[in-house]
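Under full-length UniProt numbering, the sequence shown has 121 at position 121, and the numbering climbs by one with no breaks.
Note sheet for the following structure.
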Amino acid sequence: MATLLVTGGAGFIGSNFVHHVVAHTDHRVVVLDKLTYAGNRASLDGLPADRVELVVGDIADADLVDALFARVDAVVHYAAESHNDNSLHDPRPFLDTNIIGTYTLLEAARRHDRRLHHISTDEVYGDLELDDPRRFTESTPYNPSSPYSSTKAGSDLLVRAWVRSFGVRATISNCSNNYGPYQHVEKFIPRQITNVIRGIRPKLYGAGENVRDWIHADDHSSAVLTILDKGEIGQTYLIGADGEKDNKEVVELILSLFGQSPDAYDHVTDRPGHDLRYAIDSTKLRTELGWTPAYQDFETGLKATIDWYRDNEAWWAPAKDGVEAFYASKGQ
1 MATLLVTGGA GFIGSNFVHH VVAHTDHRVV VLDKLTYAGN RASLDGLPAD
51 RVELVVGDIA DADLVDALFA RVDAVVHYAA ESHNDNSLHD PRPFLDTNII
101 GTYTLLEAAR RHDRRLHHIS TDEVYGDLEL DDPRRFTEST PYNPSSPYSS
151 TKAGSDLLVR AWVRSFGVRA TISNCSNNYG PYQHVEKFIP RQITNVIRGI
201 RPKLYGAGEN VRDWIHADDH SSAVLTILDK GEIGQTYLIG ADGEKDNKEV
251 VELILSLFGQ SPDAYDHVTD RPGHDLRYAI DSTKLRTELG WTPAYQDFET
301 GLKATIDWYR DNEAWWAPAK DGVEAFYASK GQ
């Protein structure tokens with residue numbers, strides 16, 4: 001049995017990882033989470049208290065981080081400010097968490113010689129044209145387009161530098177867009193699902209042509225565990241499940257799975273700086289480490305996600321009205 005420190009483990013992707021670790025290993029987990037609006041204690045409900053511990057704190061708190069590193073065997077770093085629109089409004093928190101926070105973790109990993117895996121995003125690569133046949137690979141040059149993606153790119157480069165300069169035992173993964181349980185209702189897929197549940201027409205940004213490469217959060221979790229176990233130190237692995245869909249397709253599929261007309265949605269103002277297309281080539285992860293996604297069909301994963309939001313209204317309802325009021329004020 002190992003003890004893992006999971007930063008951001010009360011957030012969407014981090015909490016899914018904690019649930020996955022408990023279900024598929026005998027590891028203990030210490031969650032370090034600041035519990036901003038994106039973190040939720042309820043996302044850890046039902047997990048055994050003898051295996052999961054929540055510590056409320058900031059990854060930029062060097063003393064706290066140092067004390068926690070002394071107690072664990074390895075670290076999986078999910079914690080990040082990650083909302084693109086928020087980064088355009090106020091970039092400073094993204095610098096504090098994504099840059100200074102990651103630096104703080106790397107220095108602790110260096111002092112304590114702990115294995116660290118850094119979770120990043122495909123948004124560091126910028127975007128692709130809709131008709132571009134290419135996908136992002138581990139050798140694609142960085143071309144971030146927002147304060148969020150630029151600070152994630154910066155954190156990736158810090159990890160690479162600490163591996164090379166100080167021998168820190170770290171790996172990186174860049175993943176495509178996640179969907180699944182415990183995702184905040186401000187995000188595209190849960191917002192549309194909960195709109196339909198509430199009898200509100202879904203909202204489609206602009207013409208809905210923007211393409212994302214969707215992966216279920218449970219598949220992301222299994223990939224991270226694979227990298228933690230088998231990944232080569234200093235290497236980057238791209239995580240994707242060949243789930244390219246444009247936003248229009250996603251909204252129409254959600255409506256169809258609810259048994260409603262696929263055109264029963266409203267067009268709203270597009271997001272500023274809305275990247276056109278992301279697409280991941282996960283060949284390295286699959287061939288070198290033997291990983292494959294369980295949800296190889298997007299519709300199956302989306303149906304399971306709809307079922308979760310139907311069954312867990314108590315989890316998402318407290319935030320729903322405020323989110324819709326905020327978007328309505330922006331014409332979205």
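Each residue gets a CB set at the ideal place from its N, CA and C atoms; glycine is no exception.
Fewer than three pairs of CB atoms, one per stretch, sit closer than 8 Å, so the segment 179-191 makes no contact with the segment 159-167.
For ALA109, the CB contacts under 6 Å within the same chain, skipping 5 residues up- and downstream, are LEU116 and VAL168 in chain order. Your pair ILE280 and ILE239 checks out as a contact, with CB atoms roughly 7 Å apart and the cut at 8 Å.
In the displayed model, ALA317 falls within a helix according to three-state DSSP. In the same chain as GLU53, and ignoring 5 residues on each side of it, the C-beta atoms closer than 6 Å to its own belong to VAL30, in chain order. For LEU5, the three-state secondary structure derived from DSSP is strand.
For HIS112, the enclosing alpha helix (DSSP H) begins and ends at 102-112.
Within 10 angstroms of the beta-carbon of GLY199 lie fewer than 16 other beta-carbons, which makes it exposed. Between the segment 214-234 and the segment 261-277, the count of Cβ pairs shorter than 8 Å is below three; the stretches do not touch. By the Cβ neighbour-count rule, VAL56 is exposed, with fewer than 16 other Cβ atoms within 10 Å of its own. The Cβ atoms of GLU209 and LEU130 sit closer than 9 Å to each other. Taking a contact as a CB-CB distance under 8 Å, the pair TYR125 and GLU81 does not count as one, their CB atoms being some 19 Å apart.
In the three-state reduction of the DSSP assignment, ASP246 falls in the strand class. Under a 10 Å Cβ-count criterion, PRO318 is classified as exposed, with fewer than 16 other Cβ atoms of the shown protein chains found around its own Cβ.
For LEU158, DSSP assigns no beta-bridge partner whatsoever. Here TYR205 is bridged, per DSSP, to VAL268. Ranking ASP246, ARG135 and ASP61 by CA distance to the CA of TYR103 puts ASP61 first.
Note that the C-beta distance between SER221 and HIS77 is not below 9 Å. Going by C-alpha positions, HIS118 is about 12 Å away from ALA153. For SER15, the uninterrupted alpha helix (DSSP H) segment begins and ends at 12-24. Assigned with DSSP and collapsed to three states, TYR148 falls in helix.
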